[in-house]
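Visitor: Residue numbers (the numbering used here), protein chains in the order written: chain A, 3 to 172; chain B, 94 to 217. Beta carbons: idealized from backbone N, C-alpha and C, even for Gly. Fair warning: this is a prediction, and the values are worked out from it, not measured in the lab. One structure, pasted below without further comment.
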């Protein structure tokens, strides 16, 4: 299937076309048995611990490699069946509390993802966008107070940055 | 004035964490970085491009500076802001990591979808 990057309004975006109808693809994200089959890094053995598929609900999963277990979670935001899925993704502990990523690489604590599902001729296009989540609730609250009428969320374009980075040969 | 007090309060709170991801977590800050990548600008010029107060923009620029994405230099009465491209490598590394991760996730999803659909057909 074709995967290519786009120049959309987000920090990170990826478009992917699945050779399956939209309802089936959405079910792969919303059903614990399905997630157990396909979700998780290829380097680890992944298991679904729990899935509470509703806004505010949590998908908690484990990733095991060489006797070492780490955990991850989704915290679901907006859900429109067969159309839209929003969640924040983070590393977690065994109680599904957010923990720092176990990388040397500098990495955001939490990433907000939005996946838009569209279907054409039996094929489903997934448009994924993601950006790092604001560091602290205090900061977010502080900015909301002084931001006034500014739009929140995806109001900025980051295309320029990606073009710039490409030019740098990164 | 209220905005100013908020700004002062926020600055205090936000000394907790400073990294490039915090810098770009906010859409206004992303826009400021994009503007500054084209050319260095003084604070007033940046502020003119936004609906929010000058104080709010100033706060965003201060955070960008603390995260190392922007350098502020005083030239007479003006404060010039300049983007620091090297620091953006951290963002590039993160974006690349996400891309690799999701590309493999989608491959795994395809495999699963293929299996499910093949099983359905064979059952019929």
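Consult DSSP for residue 97 of chain A and reduce its assignment to one of helix, strand or coil.
Guide: Note: residue 97 of chain A maps to coil in three-state DSSP.
Visitor: Go to residue 28 of chain A, then tell me how far its alpha helix (DSSP H) extends in each direction, as first and last residue.
Guide: Its alpha helix (DSSP H) spans residues 24 to 32.
Visitor: Do you know whose CA, among A:56, A:126, A:34 and A:20, lies nearest residue 64 of chain A's CA?
Guide: Considering only alpha carbons, the answer is A:34.
Visitor: With the cut-off set at 8 Å, would you say residue 133 of chain B and residue 173 of chain B are in Cβ contact?
Guide: Cβ distance < 8 Å, so residue 133 of chain B and residue 173 of chain B count as in contact.
Visitor: Taking the DSSP output, what are the residues bridged to residue 70 of chain A?
Guide: DSSP, once it has assigned bridges, lists A:67 as partnering residue 70 of chain A.
Visitor: For chain A, find out if any of its Cβ atoms is closer than 8 Å to the Cβ of residue 165 of chain B; answer yes or no.
Guide: No, residue 165 of chain B does not count as interfacial toward chain A.
Visitor: Over the uninterrupted alpha helix (DSSP H) stretch that includes residue 147 of chain B, give me the two end residues.
Guide: Residues 147 to 159.
Visitor: Whose CA, out of B:163, B:203, B:207 and B:182, lies closest to the CA of residue 122 of chain B?
Guide: Nearest of B:163, B:203, B:207 and B:182 to residue 122 of chain B, Cα basis: B:163.
Visitor: Does DSSP put residue 21 of chain A in a helix, in a strand, or in coil?
Guide: Residue state, collapsed to three classes: coil.
Visitor: Does the beta carbon of residue 154 of chain B come closer than 8 Å to any beta carbon on chain A?
Guide: Taking Cβ atoms only, chain A never reaches closer than 8 Å to residue 154 of chain B, which makes this a no.
Visitor: Which residues in chain B sit within 7 Å of residue 132 of chain A, going by Cβ to Cβ distance?
Guide: Residues of chain B passing the Cβ test: 191.
Visitor: Would you report the Cα separation of residue 83 of chain A and residue 115 of chain A, rounded to the nearest angstrom?
Guide: The alpha-carbon atoms of residue 83 of chain A and residue 115 of chain A are separated by roughly 16 Å.
Visitor: How about residue 197 of chain B and residue 44 of chain A: are their beta carbons less than 8 Å apart?
Guide: Contact: yes.
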